[in-house]
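Numbers in the numbering used here are just positions in the sequence shown, counted from 1, shifted up by 72. The C-beta atom is built at its ideal place from N, Cα and C for all residues, glycine as well. None of these values were measured; they are calculated from a predicted model. A short worksheet on the structure shown next.
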Amino acid sequence: MQTLLVTGGAGFIGSNFVRYVLEQHTDTTVVVYDKLTYAGRMENLVDVAENFAGRYHFMQGDICDAPAVNAALDQFGIDTIVNFAAETHVDRSILDPDAFMRTDVYGTYVLLEAAQKHGGLRYHQVSTDEVYGHIHGDHRSLETDCMAPRSPYAASKAGGDHLVNAYHITYGLPITISRGANNIGPYQYPEKVVPLFVTNALNDMHLPVYGDGGQQRDYQYVQDHCAGIDMVLRRGVIGESYNVGTGKEMTNLRMVEILLDELGKPASLIRHVEDRAGHDRRYCMNVDKLLALGWEPEYTHEEAIRATVRWYVANPWWWEPIRSGEFKEYYQRVYGQRKTLSTPAA
Ligand code: NAD
Ligand code: TYD
73 MQTLLVTGGA GFIGSNFVRY VLEQHTDTTV VVYDKLTYAG RMENLVDVAE NFAGRYHFMQ
133 GDICDAPAVN AALDQFGIDT IVNFAAETHV DRSILDPDAF MRTDVYGTYV LLEAAQKHGG
193 LRYHQVSTDE VYGHIHGDHR SLETDCMAPR SPYAASKAGG DHLVNAYHIT YGLPITISRG
253 ANNIGPYQYP EKVVPLFVTN ALNDMHLPVY GDGGQQRDYQ YVQDHCAGID MVLRRGVIGE
313 SYNVGTGKEM TNLRMVEILL DELGKPASLI RHVEDRAGHD RRYCMNVDKL LALGWEPEYT
373 HEEAIRATVR WYVANPWWWE PIRSGEFKEY YQRVYGQRKT LSTPAA
């Protein structure tokens, strides 16, 4: 019997993880602890609340609020913390870094302290390939590579990882870290590129491709990531980090081509626009360490993109209200003044 505190469990990956774990492990109880920022949505967990009543609980709270975190650990007899809670969007981190430092760094510290004070709870940190920074040549990031983050988001996540490792080395806290590639799939807030482009295309709006679109990402299906995290929780070596991805990369333009093909929409929707400041050109990780635990990804990039497109097409009830709220103001801030490039950048 395991009782997990899943922080950030109302967000994109967290909610998929909660569903995955409750389906896979009938002896597991999950408590979602979430502040419900713009990215945290109760709609993401409606079916979970219905299907797993008794093994699923929800508590609204901030991971920076130590008394509230400690109360949640006591109230539910938590033995394991899985930390998904974070500010997560690079473009927002460029505009407003403050919340990233607070939640991704200080919030991680609060959770580690609480885990430590409760007798050394098992702690898992959900991190990202972005901590490795831009990857040159043919190299694939290894878990032992130095972190070299380049955006405020990536730097705040790297700060969290350093703290997690420090609590293991200094206090012996039983930790693991997973570093995931770019996730796509159901319930991703439409600020991230794939849901943004699908929902723009469904509204016959332009797709704002940053720069020449030759940047490379490992677009991984969210269920594969969730299975990887679960594997690390169950079989990972304490004190270790694990990369989670397909181990391959794809250009943004190729991703857009597949997305438009699945939707049956024209390439004329593509607009090359002014690039993101400090844009990392390539992420790609070596995932052999996780494969060795017995995990294997099920989806190729293309399958992941097509499955994601189909979900957004089938679920406008989920994204249409989002796009008409806070999102409109955000869209104007990021894209309103952005120059269209007459020719793609070199
Ligand atoms: P998301 O933005 O969809 O969700 C984040 C969740 O955290 C939301 O539910 C939000 O309400 C909650 N939250 C934010 N601040 C909080 C606070 N102070 N206290 C409590 N809850 C708070 O993010 P996501 O894409 O699901 O990412 C989840 C985790 O996975 C993050 O740690 C992120 O860095 C990591 N990650 C994301 C990706 C990706 O492609 N999206 C890839 C690798 C790793
Ligand atoms: P994003 O989903 O923001 O994830 P990350 O920056 O964390 O990798 O972006 C994925 C890629 O898509 C990245 O190379 C930036 C690019 N992108 C665009 O070209 N246009 C957009 O409007 C957005 C949001 C992203």
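Practice prompt. Go ahead and pull the three-state DSSP assignment for M327.
Written response: In the structure shown, M327 sits in a helix (DSSP, three-state: H, G or I).
Worksheet item: Cβ of Q404 versus every heavy atom of the ligand TYD: is any distance shorter than 7 Å?
Response: no
Worksheet item: From which residue to which residue does the alpha helix (DSSP H) around I342 run?
Response: Membership of I342 in any alpha helix (DSSP H) is not indicated; the residue belongs instead to the beta strand (DSSP E) covering 342-345.
Practice prompt. Starting from the Cα of G311, find the closest Cα among A238, H278, H206 and give me that residue.
Written response: A238
Discussion item. Please state the DSSP three-state secondary structure of R395.
Written reply: helix
Discussion item. Following a CB-centred definition, is I85 positioned closer than 7 Å to any heavy atom of the ligand NAD?
Written reply: Yes, Cβ of I85 sits closer than 7 Å to a heavy atom of the ligand NAD.
Worksheet item: When DSSP labels each residue in this structure, what does H211 get in the three-state scheme?
Response: coil
Item to complete: Compute the Euclidean distance between the alpha carbons of P369 and E375, then round it to the nearest angstrom.
Response: 11 Å
Discussion item. Per the DSSP calculation, N88 is bridged to which residue(s)?
Written reply: Answer by DSSP bridge pairing: none, since N88 is not bridged.
Worksheet item: How close, in whole Å, do the beta carbons of V203 and D233 come, if the pair is a contact with beta carbons under 8 Å?
Response: 6 Å
Worksheet entry | Test item: CB-CB of A386 and K337 under 8 Å | no
Item to complete: Give me the Cα-Cα distance between H211 and N123, rounded to the nearest whole angstrom.
Response: 44 Å
Worksheet item: Is Q96 helix, strand or coil by DSSP?
Response: helix
Discussion item. For R194, report the span of its beta strand (DSSP E) as first-last.
Written reply: 194-200
Practice prompt. Keeping to the same chain, check which residues put their C-beta closer than 6 Å to that of V359; ignore five residues upstream and five downstream.
Written response: If we look at V359 and ignore the five residues flanking it on each side, its Cβ neighbours are N315, G317, G319.
Worksheet item: At what residue ranges does the segment 232-284 contain a whole run of the alpha helix (DSSP H), taking only runs of 4 or more?
Response: For the alpha helix (DSSP H) assignment, the uninterrupted runs of no fewer than 4 residues enclosed by the segment 232-284 are, from N- to C-terminal side, 265-274.
Worksheet item: Rounded to whole angstroms, how far is the Cβ of D106 from the Cβ of A82, which I believe are closer than 8 Å?
Response: 4 Å
Worksheet item: Taking 7 Å as the cut-off, is the CB of D163 close to at least one heavy atom of the ligand TYD?
Response: yes
Worksheet entry | Between the CA atoms of A379 and T101 - distance to the nearest angstrom | Just so you know, the alpha carbons of T101 and A379 end up roughly 29 Å apart.
Discussion item. Taking 7 Å as the cut-off, is the C-beta of D134 nearer than that to any heavy atom in the ligand NAD?
Written reply: yes
Discussion item. Assuming D344 and V281 are in contact, meaning their beta carbons sit under 8 Å apart, how far apart are those beta carbons, in whole angstroms?
Written reply: Checking the displayed sequence, the identity of residue 344 turns out to be His instead of Asp. Between V281 and H344 the Cβ distance is about 5 Å, and since that is below 8 Å, they are a contact.
Practice prompt. State yes or no: is the C-beta of R410 within less than 8 Å of the C-beta of E346?
Written response: Cβ atoms of R410 and E346: closer than 8 Å.
Discussion item. My output table needs one value for V162: the three-state DSSP class, helix, strand or coil.
Written reply: Helix at V162.
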